[in-house]
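Report on one structure; see the data block that follows.
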Amino acid sequence: MTAPAGLAAPVGRRHARWQAGVGLVVLLGALYLARRHWPAVESGAVRLAVADQGWLLLGATAALGTWAASALAQQGAVVRRLPGPRLLAAQFAASAANHLLPAGLGAGAVNVRFLMRCGLPAGRSAGALAVKAAAGATARLALLALLALLAPACPGLLRLPHVPPTAVAVAAGVAVLGAAVLATPLWPRCRRALTAVLADIRALHACPARAAALWGGSLAFAALHALVLVAVTRAVALPLAPLQVALLYLAASSAAALLPTPGGLGSLDAALALALTAAGTSGAAVASAVLGYRLLTVWLPLVPGLLVLAVLVRRKAL
Numbered sequence: 004m005t006a007p008a009g010l011a012a013p014v015g016r017r018h019a020r021w022q023a024g025v026g027l028v029v030l031l032g033a034l035y036l037a038r039r040h041w042p043a044v045e046s047g048a049v050r051l052a053v054a055d056q057g058w059l060l061l062g063a064t065a066a067l068g069t070w071a072a073s074a075l076a077q078q079g080a081v082v083r084r085l086p087g088p089r090l091l092a093a094q095f096a097a098s099a100a101n102h103l104l105p106a107g108l109g110a111g112a113v114n115v116r117f118l119m120r121c122g123l124p125a126g127r128s129a130g131a132l133a134v135k136a137a138a139g140a141t142a143r144l145a146l147l148a149l150l151a152l153l154a155p156a157c158p159g160l161l162r163l164p165h166v167p168p169t170a171v172a173v174a175a176g177v178a179v180l181g182a183a184v185l186a187t188p189l190w191p192r193c194r195r196a197l198t199a200v201l202a203d204i205r206a207l208h209a210c211p212a213r214a215a216a217l218w219g220g221s222l223a224f225a226a227l228h229a230l231v232l233v234a235v236t237r238a239v240a241l242p243l244a245p246l247q248v249a250l251l252y253l254a255a256s257s258a259a260a261l262l263p264t265p266g267g268l269g270s271l272d273a274a275l276a277l278a279l280t281a282a283g284t285s286g287a288a289v290a291s292a293v294l295g296y297r298l299l300t301v302w303l304p305l306v307p308g309l310l311v312l313a314v315l316v317r318r319k320a321l
């Protein structure tokens, strides 16, 4: 049974206000940390300016590949064939919009509108986004498991670093917050939505080509983002093994996904900085790695992405 329209709207507004409030707190916390550790941030920027250009070029190439992987996964989430060039442009535009609104709302709105323009009903378009998100989370966990299996061949890969008490407190707070959310009246509705997503995933597997696109694109998306960070750490000469950097990225991005900040800004930066610092990296080196990752995945593509978004809207592709 669905909630009456008069009750659904206030619930949606309360949920949006909660997301905006949490996102604001995270962003303010990130700004405070950046201000407190500004000398390390400034030193990291200087170190990035003289980094190895070849590795940075590899990171930029991997960043370009993330949009192709995202387009492949989105195609795999629907049975209908989507127009390839417009699909790729929509993913590029969605990544820019995602950095302006919390909890992926920007990317979600762009993709839903694109799928509706391609002839899918609103419900099926939203379902396709949920299928893609579920596959992406599963792919990230699969890559984490794969790195765990590689641990015997790579001594020290899963070495547990010293974790500061403040990090333990933050993790405990996030766990308590997650438990509180699951205990709210919204949980039955979320459970029904999860059941629907799993049913859609099973239906898509009746078409092997779509299943391959969904899982291949999802795995490639997470792996390419990890490769961007690996390339940046190589460029600034961080003393960490590439597989360890990939593991730290996957763990940090999974944790940052719990906090609804625009494009993970603030939450992912803090999680990456904490993970790299706990692995024994100096503050300036950590700052240069995080700044370089953000430069390649956010700041350089942001304006071109917004321009592509404007073109798609003008041509009524969205």
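Under this note's numbering, the first residue of the sequence shown carries the number 4, and numbering increases by one thereafter.
The beta-carbon is built from N, C-alpha and C at its ideal position, and this holds for glycine as well.
Only residues of its own chain outside the window of five on either side were considered, and among them ALA54, ASP55, TRP58 and LEU59 have a CB closer than 6 Å to the CB of ALA238, listed in chain order. In this structure, ALA72 lies near ALA223, with their beta-carbon atoms less than 7 Å apart.
By the beta-carbon neighbour count (other beta carbons within 10 angstroms, threshold 16), LYS319 is exposed. The residues ASP203, in chain order, have a CB closer than 6 Å to that of GLY130 in the same chain once the five nearest residues on each side in sequence are set aside. Here the alpha carbon of ARG89 sits roughly 25 Å from the alpha carbon of LEU298. By the Cβ-count criterion, THR69 is buried, with 16 or more other Cβ atoms from all chains shown falling within 10 Å of its own Cβ. Less than 7 Å divides the Cβ of SER221 from the Cβ of ALA76. Here VAL316 is exposed. Its C-beta has fewer than 16 other C-beta atoms within 10 Å. Sequence-distant Cβ neighbours of GLY122 in its own chain, meaning closer than 8 Å and more than five residues away, are ARG83.
Counting only the Cα atoms, LEU275 lies some 25 Å from TRP218. With contacts defined as CB atoms closer than 7 Å, ALA255 and VAL233 fail to qualify as a contacting pair. A buried status is given to HIS228, since no fewer than 16 other beta-carbon atoms sit within 10 Å of its beta-carbon. The continuous alpha helix (DSSP H) containing ASN114 extends over residues 108-120.
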